[in-house]
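Following: one structure in structure tokens, then a few remarks.
Residue numbers (full-length UniProt numbering), protein chains in the order written: chain A, 1 to 653; chain B, 1 to 355.
Shown next, in the form of structure tokens:
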């Protein structure tokens with residue numbers, strides 16, 4: 001994360017969102033990394049008061065880590081690049097929250113985001129979060145001044161999801177809940193829902209220090225424990241590492257989902273169907289899981305009922321300070337990418353079944369991967385998600401979804417128009433419970449959902465995989481494999497766009513076969529020598545493929561040397577990532593330049609009397625100009641958001 | 001002297017008898033060892049010396065070719081009379097060269113290799129080759145693996161696959177058009193067998209159901225056929241042998257293509273992302289349905305402007321002007337190339353916004 005362009009980008013983001021003071025401090029810290037207050041003051045040339053105020057606010061925003069050393073008592077400051085970078089993703093996150101949990105939840109989320117972290121008690125007092133339909137909209141406007149970026153991101157992302165929603169279609173239950181109701185105490189259930197989904201977490205002291213500091217600190221604590229001191233040699237090392245990791249986990253853990261999850265689903269997470277049919281399947285679910293979760297208190301009888309929020313009156317503790325859990329949100333965003341991948345090649349029905357599975361998995365996945373760095377290609381182990389029982393997926397899938405209609409018959413000889421009555425109607429479990437929906441039996445439905453998941457498990461993507469856990473069919477997702485696939489796809493897109501589909505074929509061959517000489521490469525890719533050489537040469541110039549020389553004798557004559565072409569996705573990925581950072585900052589810089597070109601005009605539109613009354617005060621030409629400017633800004637910021645998606649794929653998933 | 005003359009006559013006689021016998025009773029490539037020839041019972045008393053004299057006379061007449069069989073044993077092969085006539089007319093050097101070329105069969109031989117094997121001087125060798133080629137006994141061939149080498153083989157032989165590079169080469173050059181035709185045909189064939197076509201009546205039904213629960217299927221527009229996938233584990237996808245037969249019967253190929261060539265092509269299509277191999281290459285399934293395949297194939301010859309659906313979906317980097325900028329590496333704020341002075345942003349913005 002610490003590279004020239006990443007640093008440049010983060011500084012730009014901080015400046016766009018929080019202004020020049022923050023940017024000055026941030027860029028100084030970025031340049032010199034870890035600084036004490038006096039050094040920071042010296043390098044940044046700011047006054048004491050400015051610096052103190054700035055640092056305090058930046059710590060609140062989690063933009064700066066601070067650490068007071070035990071040895072000399074000096075406090076050191078360090079930039080928090082990760083958190084600065086996430087500023088760019090805020091729009092996407094809000095859009096996701098709005099889609100999942102409704103507009104009000106998005107408002108709450110954006111307020112927390114804007115504040116960096118916030119105490120629940122404080123959130124209660126905010127007028128912006130007093131729910132009434134008009135307020136909800138105003139709230140987003142109020143923060144608009146500073147959070148311009150976010151708004152526009154949101155807007156562009158919203159546009160994207162509108163298409164998404166067309167296929168998705170179903171009005172989110174929560175959404176309607178919120179907009180139609182004017183319950184006074186909406187904040188707490190919303191916060192609980194956010195916490196239950198893991199989208200927010202509790203702020204812990206340790207989160208204000210960088211990971212390295214925390215690790216050292218934890219190690220020191222462990223080492224000073226008497227039982228550890230008694231150990232020696234290898235044992236000592238092992239005990240220290242283990243203890244450190246444990247302590248770190250304990251100190252950094254801000255998980256709020258405990259007690260808010262039920263059967264691996266957040267309490268109050270909306271069941272997707274609202275018909276009477278739910279009751280029937282719920283009863284079944286109850287029977288299945290009652291034994292597992294008996295220690296849950298009895299108040300959960302209403303767990304699945306629709307007016308859950310009305311009954312759940314226990315508020316969040318107002319003393320808790322909450323912040324955004326970006327790691328969890330990355331999981332949710334990553335799942336959305338997988339879903340998009342599924343939508344490309346599968347029918348909408350299959351995609352919907354997949355979404356149900358992914359949703360289930362998301363609830364139980366805390367972060368995208370265990371290691372901080374993405375492991376090198378081929379050194380990455382398999383990592384399966386939690387297995388989700390087939391039955392759970394079946395429950396979540398909409399009962400009105402026509403599952404049979406989008407999978408073909410097993411035998412082609414079957415007259416096609418008899419589709420729907422498939423020849424192989426072996427119900428997976430003989431006992432067919434009659435659902436309320438048109439007499440479609442449960443067993444049959446289970447079988448059909450299973451069929452859709454099987455379809456997804458097929459190559460080329462293998463989006464799911466089947467597992468038997470103690471005799472039950474469960475489905476998992478191989479996250480590492482898919483994340484890798486996403487990365488490769490991003491790179492392949494660039495290659496195709498720059499060098500054409502011939503290059504794409506060559507790269508795929510090289511990726512699959514490893515290192516190849518030209519002749520072998522030609523045989524596999526079936527390309528004329530001339531084209532092949534041309535495309536390889538141009539890709540080598542672009543740094544996408546490379547050449548290895550293997551001399552056959554000590555003299556290394558070119559005529560007696562074997563030349564092997566290869567494609568290293570890790571290397572290419574890293575350089576593309578840097579390019580992406582750079583492109584993002586170029587877009588932001590261009591935006592700033594465009595803004596400066598129209599400076600005077602924009603200042604006029606932002607005047608307090610003009611703002612909001614543009615039609616009254618601006619001439620027609622000015623209005624067109626304003627429209628154009630807004631479109632331009634949206635386009636550039638949208639582009640940054642698109643680039644961020646690439647960064648997410650290459651770096652975060 | 002007389003006995004020598006008599007034996008000379010009997011040698012010629014015996015030799016021609018031997019030759020006739022071999023020619024009539026054995027296939028033309030039969031390899032004869034001494035034992036085999038003695039076993040024929042033509043040479044009296046199994047006289048080895050006499051046999052050797054006979055074979056030597058046959059070799060002189062170019063009716064037998066002397067070869068070295070297994071374990072360095074002597075062996076012979078018969079030569080047909082027409083060929084022998086040809087060979088008799090050759091000078092000793094020419095015949096030497098001819099034999100060397102003949103020995104490599106369908107693989108052909110490099111000129112320099114002929115030189116080293118015959119030990120002839122280059123100018124003599126060139127003259128021999130020229131005269132042989134002029135008599136239309138040998139021909140020069142183009143080898144794919146060593147395009148710069150001059151190679152020869154007998155005029156009557158067809159070059160082997162090693163030399164031509166397999167079915168996909170015409171005159172040593174990869175035949176792109178041919179490959180594309182066959183590839184297109186295969187893709188369409190596979191595609192037809194990988195999807196179930198839903199009749200329009202049924203399509204309406206699915207449509208109605210889908211709209212009732214609120215989701216509108218974008219793909220199902222009026223007049224378009226709807227295709228649905230087979231369930232997982234379906235065994236009806238085409239295999240290599242099915243596809244080979246289909247291609248050979250289709251009449252798009254002048255030569256019969258082997259399964260290896262088709263496998264090669266199928267692999268290529270997999271790398272192109274058009275087909276997917278199932279069960280490690282046992283069966284093949286197409287990614288696109290027949291309609292889409294037809295459309296994308298129809299589009300190609302019409303013009304180079306491809307639709308978006310034909311490519312991978314674009315991403316941020318391919319859209320942004322920076323992704324295609326030739327001087328992106330030099331770009332820095334305040335530099336000679338800078339985001340402020342960038343000449344790509346304005347056209348890009350204009351194009352995207354349409355004003």
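All residues carry an ideal CB built from backbone N, CA and C; glycine is no exception.
Since this is a predicted model, take the numbers as computed values, not measurements.
- In the displayed model, residue 108/A falls within a helix according to three-state DSSP.
- With its beta carbon less than 9 Å from one in chain A, residue 179/B belongs to the interface.
- A direct Cα-to-Cα measurement between residue 99/A and residue 191/A gives close to 16 Å.
- Assigned with DSSP and collapsed to three states, residue 527/A falls in coil, not helix or strand.
- Neighbours of residue 367/A across chain B, judged by C-beta separation under 7 Å, do not exist; the nearest C-beta is about 24 Å away.
- Here DSSP, grouped into helix, strand and coil, assigns residue 465/A to strand.
- Under the DSSP assignment, residue 629/A falls in the alpha helix (DSSP H) whose first and last residues are 620-647.
- Three or more pairs of CB atoms, one per stretch, sit closer than 8 Å, so the stretch 368-376 of chain A contacts the stretch 474-494 of chain A.
- Closest in C-alpha terms to residue 350/A, from the list 378/A, 329/A and 397/A, comes 397/A.
- If you check each beta-carbon in the stretch 545-564 of chain A against every beta-carbon of chain B, none falls closer than 8 Å.
- Between residue 184/B and chain A, the shortest Cβ-Cβ separation is not below 9 Å.
- Runs of the beta strand (DSSP E) lying entirely within the stretch 48-127 of chain B and spanning at least 3 residues, in chain order: 64-68 and 74-78.
- At a cut-off of 9 Å between beta-carbon atoms, residue 13/B makes no contact with chain A.
- Cβ contact annotation for residue 490/A (same chain, cutoff 6 Å, sequence separation greater than five): 646 and 649, in chain order.
- Proximity of residue 632/A to chain B, defined by a Cβ-Cβ separation below 9 Å, is satisfied.
- Think of a sphere of 7 Å around the beta carbon of residue 339/B: the chain A residues whose beta carbon falls inside it are 586, 589, 590 and 593, in chain order.
- Per DSSP, residue 328/A lies in no beta strand (DSSP E); the unbroken alpha helix (DSSP H) holding it starts and ends at 326-345.
- In the structure shown, the three-state DSSP call for residue 550/A is strand.
- By the rule that beta-carbons nearer than 9 Å mark a contact, residue 163/B does not touch chain A.
- Taken through DSSP and simplified to helix, strand or coil, residue 266/A comes out as strand.
- Under the Cβ distance rule, residue 264/B counts among the residues neighbouring chain A, one pair being separated by less than 9 Å.
- Contact note: residue 519/A reaches chain B through 145, using a C-beta cutoff of 8 Å and chain order.
- Contact of residue 650/A with chain B by beta-carbon distance below 7 Å is absent, the smallest such distance being about 10 Å.
- For residue 580/A, the neighbours in chain B by C-beta distance under 8 Å run, in chain order, 316 and 317.
- Residues of the stretch 264-287 of chain B with a Cβ closer than 9 Å to any Cβ of chain A, in chain order: 264, 265, 267, 268, 270, 271, 272, 273, 276, 277, 278, 285 and 287.
- The contact set of residue 212/A on chain B, defined by CB atoms closer than 8 Å, is empty, because the minimum CB distance reaches about 31 Å.
- Interface annotation, residue 522/A: in contact with chain B, CB-CB separation under 9 Å.
- Any Cβ of chain A closer than 9 Å to the Cβ of residue 174/B would place that residue at the interface, and such an atom is present.
- Around the beta carbon of residue 251/B, fewer than 16 other beta carbons lie within 10 angstroms, which makes this residue exposed.
- Put simply, of 614/A, 197/A and 635/A the residue whose alpha carbon is nearest the alpha carbon of residue 594/A is 635/A.
- Per DSSP, the continuous beta strand (DSSP E) segment holding residue 475/A begins and ends at 472-476.
- Membership of residue 226/B in the beta strand (DSSP E) is indicated by the continuous run 226-229.
- Non-local beta-carbon contacts of residue 256/B in its own chain, meaning distances under 7 Å to residues more than five positions away in sequence, involve 248 in chain order.
- When Cβ-Cβ separations below 9 Å define contact, residue 110/B makes no contact with chain A.
- If you check the CB distance, residue 40/B and residue 97/B do not come in under 9 Å.
- Taking the C-beta atoms as reference points, residue 195/A is found no nearer than 9 Å to residue 186/A.
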